[in-house]
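Enquirer: Chains A and B are the protein sequences, given in the same order. Residues 1 to 103 (the working numbering) are what the first sequence spells out, left to right. Residues 1001 to 1404 (the working numbering) are what the second sequence spells out, left to right. Think of the CB as a built atom: it goes at the ideal place given N, C-alpha and C, for glycine as much as any other residue.
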Amino acid sequence: METKADRNRTYAPSDDVVVREIEGELIIVPLVSGIGNVEDELFTLNDTGRAIWERLDGKKSLKELARELASEYEAPEGEIERDLIGLVQELLRRRMLVEVSEN
Amino acid sequence: MVAESPYIAKMRSDQAQLWKGKAPLLVQCDMELTERCNNNCIHCCINLPPDDPVAKSKELSTDEIKEILRQIASLGSLAVRFTGGEPLLRDDFEELYLYARRLGLKVILFTNGTLVSPHLAKLFAGIPPLEKIEITVYGMNKDSYEAVTRNPGSFEKAFRGMDLLLQEKVPFIVKMAILPPNREELAEFEAWAGTIPWMDGPPGYAMFFDLRSRRDSPAKDAAIKRLRLSPEQGLQVLTRSRQAYLNEMREYCSRFVRPTGNTLFSCGAGVAHSCVDAYGKLQACLLLSHPLTVYDLKNGSVKDAMEHFFPKVREITAENPAYLARCARCFLKGLCEQCPAKSCIEHGTLDTPVEYLCEVAHTQARYLGLLGETEMGWEVTDWRERLRCFSGEERTQPAKQGVM
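In structure tokens, the structure reads:
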């Protein structure tokens, strides 16, 4: 399975998970088998993860998202991009994201 | 919650404090998809024949159930329990299951296992319920099993269903209803249950059976009463792992056992949990169908019921003098299963003592050393001290021995 995140590509939530917001928490519920290790495992994202997840809509590349986030959070773009790629890689490995297209 | 990466954390819903602030209005909802069942168990509190035309005509439609599932999910519920009757008996079970899962709900399935087909087992493997399926077993051989279910072929079908789940690695656990035909099979059952990879403790047992929850058959109620274990027999089952029972009781009694006065609803019924019956009535608990406590979803919403109806239901207090003289003052409340639902099932009222449950609780309390031989729980004034002594006892200190 491809788990390497590419800064020039776009990504979106996978159909293999259902994402719910409950009382302010973002909860990722596996829909298909093999995402969690045990039968009742759910996932949640921290604030950084959530800020990134909400922008992963399959339209903008990671590079563009990093620029956008850096501007919004007044943080170095390189640092943001590292976070972004780290999370996307993690989510790809867990089949929670899919690549949408090449830029 | 276990940190997995800087950004994402796994959480087990049963182990973690999920909500940082306000909890959702509804955490779990039970849905009785049908009262019908392909088995005809001798002790069952609910079953109707599988093709019962009246039940079928009154049951919620597929679309009505989907609408309720949408409401449940929108209120923040993480899980829905599909029960019955036999939920797999509904022709639209697969459609409802997939609908619930795609809403992001975990599905807790209570089934007898007889209708688990190769197709369903593969479905559960591919799109897992995210909770262990719970299967009730009625005997370890054809004779005992079918003496309970009165459904020829059900033994073979149930064990085939469980084999299919094993083959597909679909997590399930088993529990047993202890009845005269299978009472000698507990050791065999436990040894077999121990081979099921997802059993994380001893199996659960049903033995203090409820009467018909809809109060629809005095004859069946009389039969169920004859099948109940006596309080002493029940105690014998509970104390098969004596030390584990004592440890559990020490913890439990220190937290939940005390008199509750005229408050009827001391459990969590209707608070973050509720139940939909097969016909669209929302109940605080699946057993409680008293007209004063039931909300018709065909004329309202789950949200309205949780916000406005059940809080009022929970304000109902006991008025029955017998209840006020006994249950309201009894410190065994909590150990005793007396509740508005059990009262309603047995007597049609919310606040009538249920003698059988009272005897069961007193038998346990005497075994635990909380009560003397002739004392009744409502007569005890130094109950705090007794509970403190019991809960603080050295774990190896025996409670009362040899009651049997």
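Determine, for A:Pro13, whether the minimum Cβ-Cβ distance to residues of chain B falls below 9 Å.
Expert: False, the Cβ-Cβ gap to chain B never drops below 9 Å.
Enquirer: Give a yes or no on whether the minimum CB-CB distance between A:Arg55 and chain B is below 9 Å.
Expert: False, the Cβ-Cβ gap to chain B never drops below 9 Å.
Enquirer: Taking 9 Å as the threshold (beta carbon to beta carbon), is A:Ile85 in contact with chain B?
Expert: No, because no Cβ of chain B sits closer than 9 Å to the Cβ of A:Ile85.
Enquirer: Let me know the alpha helix (DSSP H) ranges lying completely inside the region 1280-1308 of chain B, each 4 residues or longer, listed in chain order.
Expert: None, since the region 1280-1308 of chain B contains no complete alpha helix (DSSP H) of that length.
Enquirer: Grab the span of the alpha helix (DSSP H) containing B:Gln1406 for me, first residue to last.
Expert: Residue 1406 of chain B lies beyond the stretch modelled for chain B, which goes from 1001 to 1404, so this question has no answer here.
Enquirer: Could you check how far apart the C-beta atoms of A:Ala12 and A:Leu92 are, in whole angstroms? I think they sit under 8 Å.
Expert: Not really, about 11 Å apart at Cβ, beyond 8 Å.
Enquirer: Roughly how many angstroms lie between the CA atoms of B:Gly1300 and B:Val1107, to the nearest whole one?
Expert: Near 24 Å, if we compare the C-alpha coordinates of B:Val1107 and B:Gly1300.
Enquirer: Where B:Val1313 and B:Leu1264 are concerned, what is the direct C-alpha to C-alpha distance, given to the nearest angstrom?
Expert: Taking the straight line joining both Cα atoms gives about 10 Å.
Enquirer: Is A:Ile85 helix, strand or coil when you go by DSSP?
Expert: Correct three-state label for A:Ile85: helix.
Enquirer: Quick one: what does DSSP say B:Tyr1138 is sitting in, helix, strand or coil?
Expert: Three-state result, B:Tyr1138: coil.
Enquirer: Name the two residues that bound the continuous alpha helix (DSSP H) containing B:Cys1344.
Expert: Run containing B:Cys1344: 1340-1347, per the alpha helix (DSSP H) assignment.
Enquirer: Which residues does DSSP pair with B:Glu1032 in a beta bridge?
Expert: DSSP lists B:Thr1083 as partners of B:Glu1032.
Enquirer: Under 9 Å between C-beta atoms, does B:Ala1073 make it to chain A?
Expert: Answer yes: the Cβ-Cβ gap between B:Ala1073 and chain A drops below 9 Å somewhere.
Enquirer: Taking only three categories from DSSP, how would you classify B:Leu1089?
Expert: Correct three-state label for B:Leu1089: helix.
Enquirer: Return no unless some Cβ of chain B is closer than 9 Å to the Cβ of A:Ser33.
Expert: Answer yes: the Cβ-Cβ gap between A:Ser33 and chain B drops below 9 Å somewhere.
Enquirer: Alpha carbon to alpha carbon, how far is B:Leu1025 from B:Ser1144?
Expert: So the two alpha carbons sit approximately 44 Å from each other.
Enquirer: Could you give the DSSP three-state label for A:Glu99: helix, strand or coil?
Expert: Note: A:Glu99 maps to strand in three-state DSSP.
Enquirer: Answer yes or no: does any C-beta atom of chain A fall closer than 9 Å to that of B:Ile1316?
Expert: No, no contact with chain A.
Enquirer: Looking only at its own chain, which residues have a Cβ that is under 7 Å from the Cβ of B:His1043, when we skip the five neighbours before and after it?
Expert: Contacts found: Ala1177, Leu1179, Phe1209, Ile1224, Leu1227.
Enquirer: Applying the criterion that 16 or more other CB atoms from any shown protein chain within 10 Å of the CB defines a buried residue, is B:Thr1363 buried or exposed?
Expert: When all chains shown are included, B:Thr1363 counts as buried.
Enquirer: Mind reading off the beta-carbon distance from B:Glu1032 to B:Val1276? Whole number of angstroms is fine, and I expect it under 8 Å.
Expert: The Cβ separation is near 7 Å, so the contact holds.
Enquirer: From B:Glu1385 to B:Ser1266, what distance separates their C-alpha atoms?
Expert: So the two alpha carbons sit approximately 22 Å from each other.
Enquirer: Would you tell me roughly how many angstroms separate the C-alpha atoms of B:Val1235 and B:Lys1220, rounded to the nearest one?
Expert: Contrary to the premise, residue 1235 of chain B reads as Leu rather than Val in this sequence. Approximately 25 Å between the Cα atoms of the pair.
Enquirer: Check whether the region 1319-1333 of chain B and the region 1181-1195 of chain B touch, using three or more Cβ-Cβ pairs below 8 Å as the test.
Expert: No: fewer than three Cβ pairs fall under 8 Å.
Enquirer: What in chain A is Cβ-close to B:Ala1125, meaning under 8 Å?
Expert: Neighbours of B:Ala1125 on chain A, chain order: Ser33.
Enquirer: Does the Cβ-Cβ distance between B:Arg1150 and B:Ile1046 come in under 9 Å?
Expert: Not closer than 9 Å, so no.
Enquirer: DSSP three-state call for A:Ile80: helix, strand or coil?
Expert: The answer is helix: DSSP assigns A:Ile80 an H, G or I state.
Enquirer: Beta-carbon separation of A:Ile27 and A:Thr44 under 9 Å?
Expert: Yes, Cβ-Cβ distance for A:Ile27 and A:Thr44 is below 9 Å.
Enquirer: For my contact list, B:Leu1115 and B:Leu1098 are in at a C-beta cut-off of 8 Å; report their separation, rounded to the angstrom.
Expert: With a Cβ gap of about 17 Å, B:Leu1115 and B:Leu1098 do not count as contacting.
Enquirer: Can you name the residues that DSSP bridges to A:Glu29?
Expert: According to the sequence provided, residue 29 of chain A is Val. The question's Glu does not apply to it. DSSP, once it has assigned bridges, lists A:Val18 as partnering A:Val29.
Enquirer: Inspect the beta-carbon positions of B:Met1207 and B:Leu1368 and report whether they are closer than 9 Å.
Expert: Contact: no.
Enquirer: I'd like to confirm the pairing. Which residues does DSSP put opposite B:Cys1275 in its beta bridges?
Expert: Answer is B:Asp1030, B:Gln1283, bridged to B:Cys1275.
Enquirer: I'd like the span of the alpha helix (DSSP H) that includes B:Arg1366, first residue to last.
Expert: Per DSSP, B:Arg1366 belongs to the alpha helix (DSSP H) from 1355-1367.
Enquirer: I need the straight-line Cα distance from B:Tyr1252 to B:Lys1342, nearest angstrom please.
Expert: Whole-angstrom Cα-Cα distance: 21 Å.
Enquirer: B:Thr1062 lies in the alpha helix (DSSP H); which residues open and close that run?
Expert: Taken as a continuous stretch (DSSP letters only), the alpha helix (DSSP H) holding B:Thr1062 covers 1062-1074.
Enquirer: What ranges does the beta strand (DSSP E) occupy inside the region 1186-1225 of chain B, keeping only unbroken runs of at least 3 residues that lie completely in it?
Expert: Counting only runs of 3 or more, we get 1204-1206.
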